[in-house]
Every structure is written in C-alpha cells, then in structure tokens.
Amino acid sequence: MKKIIAVFIAVITVMSLAACGTNGGTSTTAPQGQTATSTGTQGKKTEIYFLNFKPEAAEVYDRIAADYEKETGVKLKVVTAASNTYEQTLTGEIAKSDAPTIFQINGPVGFRAWKKYCADLKDTKFYSFLTDKSLAITEDGGVYGIPYVIEGYGIIYNEEITDKYFALGDKKTELTSMAQINSFKALKELVEDMQAHKDELGIDGVFASTSMASGNQWRWTTHLANVPFYYEFSENGEYSDTVSAALDAPETEFKYSDNMKNLFSLYTDNSVTEKKLLGSKSVADSMSEFALGKAAMVQNGTWAWSEIADVAGNTVKEDKIKFLPLYTGVDGEEKQGLCVGTENYLAVNSTVSEEKQKASVDFLEWLFGSETGKKYVVNELNFVTPFNTFDEDELPKEPLAAELVKWTAKKDIKSVPWTFAAFPGDAFKSDFASALLSFVQGSAEWDEVKNTVRNSWKDEYEALNS
Amino acid sequence: MRNGLKKVFPIFVLPTLAAFTIAFAVPFIGGIVLSFTDFTTVTDAEWAGLSNYIKAFSNGDFLNALWFTVKFTVVCVLTVNIIAFTLASLLTKKLPGTNLFRTVFFMPNLIGGIVLGYIWQLIINGILSYFGVTITFAAKYGFWGLVALTSWQLIGYMMIIYIAGIQNIPSDLIDAAKVDGASSWDILRHVTIPMVMPSVTICLFLTVTDSFKLFDANLALTDGAPGKQTAMLALDIYKTFYARTGWQGVGQAKAVIFFILVAAISLIQLKLTRSREVEG
Numbered sequence: 409m410k411k412i413i414a415v416f417i418a419v420i421t422v423m424s425l426a427a428c429g430t431n432g433g434t435s436t437t438a439p440q441g442q443t444a445t446s447t448g449t450q451g452k453k454t455e456i457y458f459l460n461f462k463p464e465a466a467e468v469y470d471r472i473a474a475d476y477e478k479e480t481g482v483k484l485k486v487v488t489a490a491s492n493t494y495e496q497t498l499t500g501e502i503a504k505s506d507a508p509t510i511f512q513i514n515g516p517v518g519f520r521a522w523k524k525y526c527a528d529l530k531d532t533k534f535y536s537f538l539t540d541k542s543l544a545i546t547e548d549g550g551v552y553g554i555p556y557v558i559e560g561y562g563i564i565y566n567e568e569i570t571d572k573y574f575a576l577g578d579k580k581t582e583l584t585s586m587a588q589i590n591s592f593k594a595l596k597e598l599v600e601d602m603q604a605h606k607d608e609l610g611i612d613g614v615f616a617s618t619s620m621a622s623g624n625q626w627r628w629t630t631h632l633a634n635v636p637f638y639y640e641f642s643e644n645g646e647y648s649d650t651v652s653a654a655l656d657a658p659e660t661e662f663k664y665s666d667n668m669k670n671l672f673s674l675y676t677d678n679s680v681t682e683k684k685l686l687g688s689k690s691v692a693d694s695m696s697e698f699a700l701g702k703a704a705m706v707q708n709g710t711w712a713w714s715e716i717a718d719v720a721g722n723t724v725k726e727d728k729i730k731f732l733p734l735y736t737g738v739d740g741e742e743k744q745g746l747c748v749g750t751e752n753y754l755a756v757n758s759t760v761s762e763e764k765q766k767a768s769v770d771f772l773e774w775l776f777g778s779e780t781g782k783k784y785v786v787n788e789l790n791f792v793t794p795f796n797t798f799d800e801d802e803l804p805k806e807p808l809a810a811e812l813v814k815w816t817a818k819k820d821i822k823s824v825p826w827t828f829a830a831f832p833g834d835a836f837k838s839d840f841a842s843a844l845l846s847f848v849q850g851s852a853e854w855d856e857v858k859n860t861v862r863n864s865w866k867d868e869y870e871a872l873n874s
Numbered sequence: 430m431r432n433g434l435k436k437v438f439p440i441f442v443l444p445t446l447a448a449f450t451i452a453f454a455v456p457f458i459g460g461i462v463l464s465f466t467d468f469t470t471v472t473d474a475e476w477a478g479l480s481n482y483i484k485a486f487s488n489g490d491f492l493n494a495l496w497f498t499v500k501f502t503v504v505c506v507l508t509v510n511i512i513a514f515t516l517a518s519l520l521t522k523k524l525p526g527t528n529l530f531r532t533v534f535f536m537p538n539l540i541g542g543i544v545l546g547y548i549w550q551l552i553i554n555g556i557l558s559y560f561g562v563t564i565t566f567a568a569k570y571g572f573w574g575l576v577a578l579t580s581w582q583l584i585g586y587m588m589i590i591y592i593a594g595i596q597n598i599p600s601d602l603i604d605a606a607k608v609d610g611a612s613s614w615d616i617l618r619h620v621t622i623p624m625v626m627p628s629v630t631i632c633l634f635l636t637v638t639d640s641f642k643l644f645d646a647n648l649a650l651t652d653g654a655p656g657k658q659t660a661m662l663a664l665d666i667y668k669t670f671y672a673r674t675g676w677q678g679v680g681q682a683k684a685v686i687f688f689i690l691v692a693a694i695s696l697i698q699l700k701l702t703r704s705r706e707v708e709g
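Listed below in structure tokens is the structure:
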C-alpha cells in the first residue's frame with residue numbers, strides 16, 4: 409500500500425513539474441478565444457500581448473483582438489489588470505518570458521519606474537499621429553510614452569435638479585441659470601441655498617458623498633488637488649508647462665491650499681452624508697447617489713458616464729448631465745475650464761524581439777489609424793483621442809465626452825492640465841489622503857493637511873530621486 | 430539489498446527534491462539576494478549592498494508597524510487561546526448539541542480574510558455610526574476591530590485542537606483525581622492543563638505566527654488608516670514594495686527582516702512551551 413502511494417505521489421510530482429515547464433503562454437490568463445489558426449505564409453506567427461489598464465474596456469478589446477487577427481493574422485493577446493492592480497500585474501507579467509509587448513505607464517512618474525522597458529517610438533507613424541507632440545513622454549530626444557485618450561473632469565451636475573432650483577419661488581439667490589456659475593463665490597451661493605432647499609428639490613444633499621474609504625480618495629488627492637498645484641506651478645516662469653515644473657520641484661509651498669480647502673469643505677458641508685461617516689464611503693457609493701438623484705452634483709470625469717448609466721434605477725437623463733469646472737476661489741478663475749489631460753500612455757516593451765516590437769506598433773497604428781480600428785475607438789471604447797487620424801465628427805456619443813469637447817472648444821476658456829501626473833508617487837497620495845481624512849473627521853486642522861503635503865512631497869521627492 | 434536501495438534512492442528523492450528546490454529553495458534564496466539589489470522586476474536587479482536595509486529604517490514606518498504588530502499579537506494570543514480553551518472545555522462536557530456548536534464555531538475559519546475584512550468593516554462601521562464615527566477615525570478602533578476579527582476567525586480552529594487534546598486525556602486520570610477529592614478547578618489546573626500542553630504548544634505557535642503575519646484582513650479592514658497607524662508589518666512591506674517607485678528592494682529587505690523575526694519568535698515560543706509538556 410505504501411509503495412503504491414509513493415509511486416502515485418512521485419508520478420503526480422513529476423507531472424506537475426512538467427506542467428510548470430511547458431510555459432503556459434496562453435494557459436495563464438488570456439480571456440479571448442484563441443484558436444490556433446496558422447497565418448499560412450509565414451509558418452510561425454507573431455504574437456503580441458497588450459496589458460490593458462481599463463477593466464471597463466476589457467470585453468471590447470477581446471473583440472478588437474479577434475478582428476485584428478482576422479484582418480492581419482497577427483495574434484493579439486489581451487490581459488486586463490483588475491482595477492487598481494496595474495502596477496502589480498505589470499511587475500509580475502513583464503518578468504516572464506512571454507512579457508507584455510504593449511503596456512501602459514501613468515505619466516512621467518510611472519515612466520521613471522519602467523524606463524528600462526520603454527522603446528523609443530520617435531520614428532513610428534504612431535507618434536506622427538499625435539496632434540500635439542508635446543503630450544508625449546519624452547526624454548533626451550526619445551519618445552517613450554504616447555497618450556491615447558484625452559479625459560477631463562470637473563463637477564458633474566444634474567441639470568434637472570438645478571433647473572428645479574432656479575424655478576423655486578423662495579430661493580434666496582439671484583441666480584437663474586448655470587451659465588452664471590463661473591466662480592467659487594457663485595458656486596458657493598448656489599450650493600448653500602440648494603442645500604437649504606434640499607427637501608423641496610428631493611435630494612439628500614447637493615454633493616454626493618466625498619468618498620474617503622481606503623483606495624477611494626483619488627478624486628481629492630489627485631483630481632481636486634490638481635487645481636491648487638496647477639496655479640502654484642504655473643507661477644514658475646522657468647518651465648513651459650506645470651507638469652515639468654512640478655516634476656523638478658524638490659519642495660512645494662502648497663500656496664493655494666486654502667483654495668482647495670474652499671471647495672473641499674463645500675463638498676463635505678453640503679453632502680448627502682454626514683462628515684464623520686465619509687470614511688466608509690466609496691466612489692461607487694457616491695456615483696450611485698448621483699445616479700439615483702439623491703445628489704445634484706458629484707466631482708468626477710468623462711469616464712463616469714458608463715458607471716452612472718449602469719446603476720439600476722438611474723434617474724439621470726443623458727441630455728441633462730453637464731460639467732462645471734472646479735472653481736476654488738482663485739483670481740481670474742472665470743476663464744478656467746475643465747481639467748483636461750491623460751494618465752494613459754502607451755509604451756512598447758523594448759526588451760522583446762524587434763519583430764514583436766514592430767508588430768506592436770503596427771497594431772497601435774491599426775487601432776488608431778484604420779477605419780475598423782477607429783470605429784472601435786470612437787463607438788465602443790468612447791475615447792476622445794489626441795490623434796490627427798480622427799476627423800472632427802469622429803467623436804464618442806457619450807454625453808460627458810461630448811461635454812468635454814464642448815468645454816475645450818470654448819474660446820477664452822483655458823483648460824487646466826493634469827499637473828497631478830507629476831505628484832511624487834503613490835506614497836505621497838496616501839499620506840495626503842490620510843491627512844484629508846483626519847481633517848474631514850474633525851481630528852485635525854487644515855494646517856496639518858498643509859504640513860503633511862509639504863513634508864510628504866519633500867520626502868517622496870527625495871526617495872524618488874535618490 | 431541495501432546497495433540496491435542506494436542505487437534507486439536518487440530516483441525516489443529526485444521529484445520531491447526538485448519540487449522543494451523549485452518551490453522553496455530558489456524563491457527563498459532569490460528573495461534574500463534581491464533584498465541586496467535595486468530592481469523593478471526580478472530580472473533586472475542591480476547590486477546595491479546594504480542600502481536597502483538602511484533605507485528600511487530611514488523612516489519610522491517599519492518600527493511603528495512592528496510595535497503595532499507586537500501589541501496586536503500579544504492581545505490576540507491571549508483572547509484566542511483563552512476563549513478557544515474555554516469553548517473546548519464546555520464542548521467536551523457532553524452537553525446536548527455540542528457537534529452543532531463545534532461546527533458553528535469552526536465555520537468562520539473557512540471564510541477568506543479579505544471577505545471577512547469587508548464584512549467586519551460593515552459591521553463595525555454600522556455600530557460606530559451610532560457614535561458618528563467610522564473605523565478609520567482612530568487607531569484604537571482599527572486595533573480592536575482587527576483583534577475581534579482575528580479572534581473570531583482563529584478561535585474555531587484552536588478550539589478543535591483543544592477539543593482533541595482534552596478528549597485524549599485518559600479518563601482514569603480524572604477519575605483518580607476525583608477519588609482523591611479534587612475539585613473541578615483542581616482537576617483543570619493539575620490534570621487537564623498539563624495534559625493538553627502539546628495542544629497549547631501547537632495553538633500558541635499557530636496564533637503567534639498567524640497574528641504576526643496577518644495581511645489580508647488588515648488590508649481589507651483598515652488598510653492602515655488613519656495614516657499608517659494600523660498598518661501591520663506585512664501590510665507595511667506590501668506598501669513599501671508598491672507605493673514607491675524604486676523602493677522594491679527596500680520592501681524585499683523588510684520582508685527578509687520580517688522572516689527572521691517570525692522565525693525567531695516562533696522558535697523561542699516552541700522551546701518555551703515544549704519544556705512544559707508532560708509525558709502522557
């Protein structure tokens with residue numbers, strides 16, 4: 409009996425080892441249907457591998473992969489990292505022999521981590537597609553990351569509810585339309601009076617919950633904080649843009665911190681949820697509050713529409729969802745637009761074979777340059793792209809994307825670039841978030857937030873550049 | 430015969446040896462080597478000497494996490510073992526329904542830590558909302574939340590081990606004690622507890638290492654908030670590894686120190702409790 413068991417175990421062990429050895433190229437993840445059809449002429453076929461960042465687009469990429477293989481014979485493997493785990497997944501995947509050939513970096517700071525793996529894309533057609541070449545991530549004349557989607561964020565509001573407010577007989581303000589809201593002062597007046605009339609408006613609060621649960625604070629520590637840092641770094645005359653200025657800044661003054669406090673406090677004082685309970689709220693909670701009509705406004709970006717529309721019982725009508733810039737009370741903010749930028753840059757892995765690198769670039773050129781590819785980008789991925797291959801009428805139909813286009817087209821209005829792309833790493837953001845949480849819960853003064861930001865910036869800058 | 434066995438010996442050892450090398454020795458040694466290097470992925474490491482170990486102590490995070498973990502482990506070891514032993518002695522008393530209760534108490538152990546973390550977060554936030562706060566309001570809420578969660582999860586398992594220990598006590602020992610006029614407290618103190626010392630050794634070992642290494646529940650319940658005040662060692666290592674660009678090596682160095690700590694503590698503990706075991 410013992411002998412039989414021993415032999416059995418030995419066989420199992422050997423078999424499992426053999427299974428490890430076969431290098432599961434497709435067996436690891438690979439969600440899409442990969443039937444092994446040969447390309448005919450070549451005999452061995454190129455396989456490229458795209459590590460996708462956007463979970464909401466995973467299913468679309470599977471169909472793109474199928475179509476691409478049908479059209480060109482090149483096999484495209486798409487793996488999607490689960491939400492908030494891209495860096496982890498990339499770290500694991502890129503060390504494999506079957507490494508991603510196309511991956512994503514989140515901006516100049518992400519580029520530092522993955523520098524060794526980014527191929528120079530300067531001479532590719534893909535780079536020539538880029539309308540504004542300055543958007544790409546460059547270093548010493550080389551081009552290493554190319555943005556593929558332009559996103560924007562601000563305060564999203566439900567026009568039905570604001571219209572209802574403007575129609576109220578006993579409102580205390582002179583405001584009659586959202587067009588008059590062009591500064592923090594006006595916004596504050598509107599919000600506070602709306603909050604006072606919340607029962608008549610049928611809402612629980614003007615703003616959806618300021619989500620402060622762990623992993624859900626990025627709307628404040630990056631997006632909202634972007635505005636004060638943009639103003640601070642735009643005063644630095646040595647740089648042409650705020651992102652490079654912030655990247656080279658060993659310290660920050662956080663000069664406009666009170667402006668951030670203005671809007672942040674407006675959010676939390678006129679919220680659906682009581683301040684001290686915000687620590688348990690997630691982004692999904694606040695998006696569903698907005699979708700269900702419990703709140704009139706929520707800070708978020710163009711990507712939020714699918715989330716709102718997917719909420720069961722969504723009451724927000726497609727033509728009644730609008731954007732408002734993040735007004736914080738800075739002088740001259742009447743001309744400030746939405747925050748427009750990207751943290752999605754595509755990079756090609758320089759450590760895979762030349763052939764695979766070329767095939768990867770070919771795929772990107774196909775996706776953003778060919779008719780079939782562009783159709784997917786516009787209609788299914790709903791990207792507003794920074795590429796000149798797209799005509800002016802080739803824009804996504806989503807209401808928030810359309811709003812973004814409308815805002816960026818406005819004359820005299822200046823969009824705020826995504827300066828937060830230069831924030832020195834995730835540790836800075838999480839320090840910032842903890843300080844904000846203590847402030848919201850009343851256990852810390854705003855000065856503490858300010859000091860935390862200053863100190864953490866300094867520490868993290870040193871850690872990053874040591 | 431002996432010679433024949435020697436010849437085939439490598440064939441039988443090889444699969445296990447290979448499995449051990451691939452699954453344990455290589456990653457372990459690789460991990461130690463990586464702690465002395467700067468790396469983004471395991472294939473592009475560059476030698477960095479001791480700098481990672483110096484950086485690991487360059488801010489107070491690691492020591493704070495260590496202190497928090499030690500406090501947590503001490504409290505958990507006490508709560509888990511005392512409650513588990515009490516339950517075990519109750520459930521070996523031939524009361525009706527003991528099987529049902531054993532199953533019920535054991536069940537939490539079968540639920541994964543991340544799920545447990547979220548469930549307990551809901552429960553604790555639900556209770557704290559009556560006081561207008563959440564679990565991230567102060568470190569003490571997170572601390573006791575973690576203690577409650579871990580105790581709840583581990584008690585069932587330890588209880589089963591204690592039950593097995595108690596049932597193994599020969600009944601003549603207890604009968605003899607009764608004949609000698611021992612009270613039930615005397616029996617517990619002088620018969621039961623010495624006789625279950627082997628179980629105590631195992632349970633202490635498991636609770637010490639499990640609480641010391643706790644990660645998933647910590648991540649799901651508090652994620653270190655407020656600040657980094659409720660981050661335990663494993664979570665601190667994870668955050669060092671991923672939150673800072675270029676600090677992967679430092680995370681690795683912390684992990685090596687962590688390993689040495691866990692190994693040292695459990696060895697000392699084993700030695701101490703072993704010496705109290707009596708021959709059955």
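Protein sequences appear in the order of chains A and B. All residue numbers for the first sequence refer to our numbering, where the first residue is 409 and numbers rise by one. All residue numbers for the second sequence refer to our numbering, where the first residue is 430 and numbers rise by one. A virtual CB, placed ideally from N, CA and C, is assigned to each residue, including glycine.
query, result
"Closest Cβ-Cβ distance between Q849/A and chain E: below 8 Å?", "In summary, chain E is missing from the structure at hand, where the protein chains are A and B."
"Going along the region 565-588 of chain B in order, which residues come within less than 7 Å of chain A, judged by CB to CB distance?", "T565, F566"
"For A477/B and chain A, any beta-carbon pair shorter than 8 Å?", "no"
"To the nearest whole angstrom, what separates the beta carbons of L746/A and L812/A, a pair I think is in contact under 8 Å?", "7 Å"
"How about L609/A and E597/A: do their beta carbons lie closer than 8 Å?", "no"
"List the residues of chain A whose Cβ lies closer than 9 Å to the Cβ of V562/B, in chain order.", "K684, L685, G687, Q849"
"Using a C-beta cutoff of 8 Å, does R862/A count as contacting chain B?", "no"
"Compute the Euclidean distance between the alpha carbons of S673/A and D834/A, then round it to the nearest angstrom.", "24 Å"
"Give me the DSSP bridge partner(s) of E547/A.", "G550/A"
"For chain B, find out if any of its Cβ atoms is closer than 8 Å to the Cβ of T499/A; answer yes or no.", "yes"
"Check each residue of the region 645-670 of chain B: if its Cβ is closer than 8 Å to any Cβ of chain A, include it; give the result in chain order.", "T651, D652, G653, A654, P655, G656, K657, K668"
"Within 10 angstroms of the Cβ of G429/A, are there 16 or more other Cβ atoms? Answer buried if so, exposed if not.", "Low confidence applies here, because G429/A scores a pLDDT of 39, under 50, leaving its location unreliable; read the following figure in that light. Exposed: under 16 other Cβ atoms inside 10 Å."
"Could you spell out the range, first to last residue, of the alpha helix (DSSP H) harbouring Y565/A?", "Premise fails: Y565/A lies in the beta strand (DSSP E), 559-566, not in any alpha helix (DSSP H)."
"Which residues in chain A sit within 9 Å of N481/B, going by Cβ to Cβ distance?", "Going along chain A, no residue has its Cβ under 9 Å from N481/B, so there is no contact; the nearest lies around 12 Å."
"Answer yes or no: does any C-beta atom of chain A fall closer than 8 Å to that of S558/B?", "yes"
"Inspect the CB distances between the region 645-661 of chain A and the region 710-722 of chain A and report whether three or more fall short of 8 Å.", "no"
"Could you say which of Y573/A, S758/A, M586/A, V557/A lies nearest to A503/A if we only look at CA atoms?", "S758/A"
"For the region 520-554 of chain B, which residues have a CB atom closer than 7 Å to at least one CB atom of chain A, in sequence order?", "N554"
"Between the C-alpha atoms of Y647/A and F637/A, what's the straight-line distance to the nearest angstrom?", "14 Å"
"With C-beta atoms as the reference, is A633/A less than 8 Å away from F828/A?", "yes"
"Can you tell me whether DSSP reads M705/A as helix, strand or coil?", "strand"
"Quick one: what's got a C-beta closer than 7 Å to V637/B's C-beta in the same chain, skipping five residues either side?", "T502, V506, I694, S695, Q698"
"Within 8 Å of any Cβ in chain B, is that where the Cβ of I502/A sits?", "yes"
"Hey, how far is the Cα of K523/B from the Cα of M536/B?", "21 Å"
"Determine the closest residue to S874/A out of A606/B, S480/B, W614/B, with distance taken between C-alpha atoms.", "S480/B"
"My assumption, with CB atoms under 8 Å, is that L685/A sits in contact with T563/B. Please give the rounded CB distance.", "6 Å"
"For K858/A, which residues from the same chain have a beta carbon less than 8 Å from its beta carbon, with the 5 sequence-adjacent residues on both sides left out?", "F662, S665"
"Answer yes or no: do G414/B and L648/B have a C-beta to C-beta separation smaller than 8 Å?", "Lying outside 430 to 709, the shown extent of chain B, residue 414/B is not represented and no answer is given."
"Do you know whose CA, among I563/A, T630/A, S619/A, lies nearest V599/A's CA?", "I563/A"
"Sort L551/B, I622/B, Y570/B, D490/B by Cα distance to I511/B and report the nearest one.", "I622/B"
"Can you give me, in chain order, the residues of the region 609-629 of chain B that have a beta carbon less than 8 Å from any beta carbon in chain A?", "none"
"For the structure I just gave you, are there three or more beta carbon pairs, one from the region 552-567 of chain B and one from the region 580-597 of chain B, closer than 8 Å?", "no"
"Let me confirm a value: P439/B is counted as buried when at least 16 other C-beta atoms fall within 10 Å, else exposed. Which label applies?", "exposed"
"Identify, in the order they occur along the chain, each residue of the same chain with its Cβ nearer than 6 Å to the Cβ of K607/B, setting aside the five sequence neighbours on each side.", "none"
"Tell me, which residues are paired with I513/A by DSSP?", "Y753/A"
"Under DSSP, the alpha helix (DSSP H) around N647/B begins and ends at which residues?", "645-650"
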